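Per the numbering used here, the sequence shown runs over residues 174 to 439.
Every residue gets a Cβ at the ideal spot worked out from N, C-alpha and C, and that includes glycine.
All figures in this text were calculated on a predicted structure; none of them were measured in a lab.
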Amino acid sequence: MMYDSIGRREYEWAGMTAAEVRAVGAKPGSILVIPVGSIEQHGEHLPVVTDSLLVEAMVDSAVEQTDGLPVVVSPTVWSGFSPHHLTFGGTLSLDFETIRATLEDIANTGLQNDFDAVLFVNGHGGNGPLIGSVVSTVGVETDAEVLGTTYFELATDRIEALRDTETGGMAHGGEFETSLMLAVRPDLVGDSSTRNGEPLSETYRWGGQDLLDGGSVSVYRSFDAYSETGAIGLPEEASAEKGERIRSIIAEELASLLDAVHEQNA
Numbered sequence: 174m175m176y177d178s179i180g181r182r183e184y185e186w187a188g189m190t191a192a193e194v195r196a197v198g199a200k201p202g203s204i205l206v207i208p209v210g211s212i213e214q215h216g217e218h219l220p221v222v223t224d225s226l227l228v229e230a231m232v233d234s235a236v237e238q239t240d241g242l243p244v245v246v247s248p249t250v251w252s253g254f255s256p257h258h259l260t261f262g263g264t265l266s267l268d269f270e271t272i273r274a275t276l277e278d279i280a281n282t283g284l285q286n287d288f289d290a291v292l293f294v295n296g297h298g299g300n301g302p303l304i305g306s307v308v309s310t311v312g313v314e315t316d317a318e319v320l321g322t323t324y325f326e327l328a329t330d331r332i333e334a335l336r337d338t339e340t341g342g343m344a345h346g347g348e349f350e351t352s353l354m355l356a357v358r359p360d361l362v363g364d365s366s367t368r369n370g371e372p373l374s375e376t377y378r379w380g381g382q383d384l385l386d387g388g389s390v391s392v393y394r395s396f397d398a399y400s401e402t403g404a405i406g407l408p409e410e411a412s413a414e415k416g417e418r419i420r421s422i423i424a425e426e427l428a429s430l431l432d433a434v435h436e437q438n439a
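1) Use the C-beta contact count for LEU186: other C-beta atoms within 10 angstroms, 16 or more gives buried, fewer gives exposed.
2) Look at ALA411 and THR367 and say whether their C-beta atoms are less than 8 Å apart.
3) Give me, in chain order, the residues of the same chain whose beta-carbon lies closer than 6 Å to that of VAL390; leave out the 5 immediate sequence neighbours on both sides.
4) For the putative contact between GLY216 and GLY370, defined by C-beta atoms under 8 Å, what is the C-beta separation to the nearest angstrom?
5) Rounding to the nearest angstrom, what Cα-Cα distance links SER421 and MET231 in this structure?
6) Taking 8 Å as the limit between beta carbons, can you name the residues of its chain near TYR393, skipping five residues before and five after?
7) Report the CB separation of SER255 from SER247 in whole angstroms; it is logged as a contact under 8 Å.
8) Is the beta carbon of GLY253 closer than 8 Å to that of GLN214?
9) Whole angstroms is fine: what's the gap from LEU227's alpha carbon to ASP330's?
10) State buried or exposed for TYR184, treating a residue as buried only when at least 16 other CB atoms are found within 10 Å of its CB.
11) My understanding is that GLU318 touches VAL434, with C-beta atoms under 8 Å, so please give their C-beta distance in whole angstroms.
12) When you compare only the Cα positions, how much space is there between GLU325 and GLY363?
13) Given a cut-off of 8 Å on the beta-carbon distance, is the pair ALA404 and GLY346 in contact?
14) Can you grab the Cα-Cα spacing for the pair ASP289 / PRO243, in whole Å?
15) Per DSSP, ASP383 forms a beta bridge with which residues?
16) At 4 residues or longer, and completely inside the segment 293–340: list those alpha helix (DSSP H) runs for me, N to C.
17) May I ask which residues mark the beginning and end of the beta strand (DSSP E) holding LEU205?
18) Between which two residues does the beta strand (DSSP E) harbouring VAL245 extend?
19) Does GLY305 pass the burial test, meaning 16 or more other C-beta atoms within 10 Å, or should it be called exposed?
20) Since VAL250 contacts PRO208 with CB under 8 Å, what's their CB separation in whole angstroms?
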């Protein structure tokens with residue numbers, strides 16, 4: 174629970190005093206990081222908090238690799254835009270305009286503490302257009318640099334080399350996310366008998382094929398059009414070892430991004 178874990182790392186906004194937040198923000202090249210996830214179904218073997226948990230873990234791993242950068246990480250925004258998951262239950266989704274306004278307000282008030290940059294780190298595919306929108310709407314209102322990224326779109330070539338499935342196997346709740354969860358929180362992953370998914374099969378060849386291949390055409394479909402369990406991909410090919418390797422690659426790439434943003438704004 175939050176009361177038992179908050180503030181264990183010195184860069185967590187929620188565990189700092191107001192003066193401590195302002196002190197970091199006043200440093201040259203300071204960065205406010207805002208992780209954004211979701212609460213949504215992930216099939217029969219993964220918890221609904223998967224996206225929020227993993228984006229927080231990836232940010233944490235990245236910041237730990239930086240060498241004393243002036244970075245503060247906000248509490249993870251745990252609910253995202255997930256209407257396409259509602260048919261399976263277990264999903265808490267916000268309206269697009271509501272989550273956009275929420276992220277704008279968090280960034281704009283956070284930047285009042287003199288941060289030189291704000292980086293949204295997204296962990297849910299359905300939030301992608303939302304993050305792009307917020308980068309622009311916040312960007313026109315501030316002199317700070319505003320950036321956004323989706324963690325599983327970082328270093329896709331390196332992660333591609335690790336996969337044991339064909340394209341389609343690393344989709345929602347598949348080989349990629351299940352491997353990461355086995356590395357980060359194996360106690361929340363169902364046993365092998367519950368790891369049921371099916372490779373993503375999108376009608377249009379230009380559409381997204383899995384987490385590493387977002388495609389060039391967006392199409393709306395409810396998730397029950399893709400899967401009977403709510404998971405897409407092949408979670409049975411997941412492993413903790415693979416998850417640790419994926420985590421290391423993403424952390425390295427995200428840490429490099431943080432270093433670059435710091436240098437650009439120092």
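Short version:
1) Before going on, a small fix: residue 186 reads as Trp here, not Leu. So TRP186 ends up on the buried side.
2) no
3) TYR377, TRP379 and GLY380
4) 6 Å
5) 9 Å
6) HIS257
7) That belief does not hold up - the Cβ atoms of SER255 and SER247 are roughly 20 Å apart, past 8 Å.
8) no
9) 20 Å
10) buried
11) 7 Å
12) The sequence shown places Phe at residue 325, not Glu. Spanning the two alpha carbons is a distance of roughly 22 Å.
13) yes
14) 10 Å
15) ASP386
16) 301–312 and 329–333
17) 204–209
18) 244–246
19) exposed
20) 7 Å
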